[in-house]
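First residue of the sequence shown? That's 763 in my numbering, and the numbers climb one at a time after it.
Note that the Cβ used here is the ideal one computed from N, Cα and C, for glycine as well.
Bear in mind the structure is a predicted one, so any value in this text is a computation, not a measurement.
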Amino acid sequence: MNSPYKSKFKVTQIFKGNTHDGLDLVGIDSKNVHSTVNGVVEKADWENASNKKQGFGLYVRIKRENSTDKYYFGHLSKVTVVAGQKVKIGDMIGIEGSTGYSTGSHCHYCIRGNGLKSQVRDVSKISGIPNKLGTYEVKEVAKKTVP
763 MNSPYKSKFK VTQIFKGNTH DGLDLVGIDS KNVHSTVNGV VEKADWENAS NKKQGFGLYV
823 RIKRENSTDK YYFGHLSKVT VVAGQKVKIG DMIGIEGSTG YSTGSHCHYC IRGNGLKSQV
883 RDVSKISGIP NKLGTYEVKE VAKKTVP
């Protein structure tokens, strides 16, 4: 399993394709959010600085190395990386929050081809995180990106 959390977390909203393009995850043991991919941070800021209640709110977008896929970590309370920074799987990138269009503290985790909403990837299948509500525990932090 390749999760943004390094220990126990809860899936509170499942992946439903275009209806809900990612997984909503809540850290139980820690609220620290970690990169699930080796790549370059493209954005680590507000989706819309003039309307902080919009969309992902404060988020991190990472372009996976050797791919056009972009990984999103939304609704963060704090980011700990900057645009242009190279990250590896397991590097801390932020802290879970409830910014943007959110009803409670969580991390919206999704993957889009070329960063386009029309190219939603099945984050559950790629990450190995079950597409099922429940509590899960990361036994070992992934060392490489899941294909």
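Excluding sequence positions up to five away, which residues of its chain have a Cβ less than 7 Å from the Cβ of R883?
D831, I873, R874, G875
Hey, S889 and S765: beta-carbon distance below 8 Å or not?
yes
For I888, which of helix, strand or coil comes out of DSSP?
helix
Could you tell me the boundaries of the beta strand (DSSP E) in which T774 lies?
770-775
What are the start and end residues of each continuous beta strand (DSSP E) run of 3 or more residues lying completely inside the region 782-831, in chain order?
784-789, 794-796, 801-808, 820-826
Between the Cα of I776 and those of E899, C869, L878, spot the shortest distance and give me the residue it belongs to.
C869
Local conformation of K894 per DSSP, three classes
coil
Is it the case that the Cβ atoms of I711 and K840 are separated by a distance below 8 Å?
This structure cannot settle anything about residue 711, because the visible part of the chain is limited to 763 through 909.
Endpoints, beta strand (DSSP E) assigned at G856
854-857
Whose C-alpha, out of Y834, K887, L838, is nearest the C-alpha of E804?
Looking at the Cα atoms, Y834 is the closest of the given residues.
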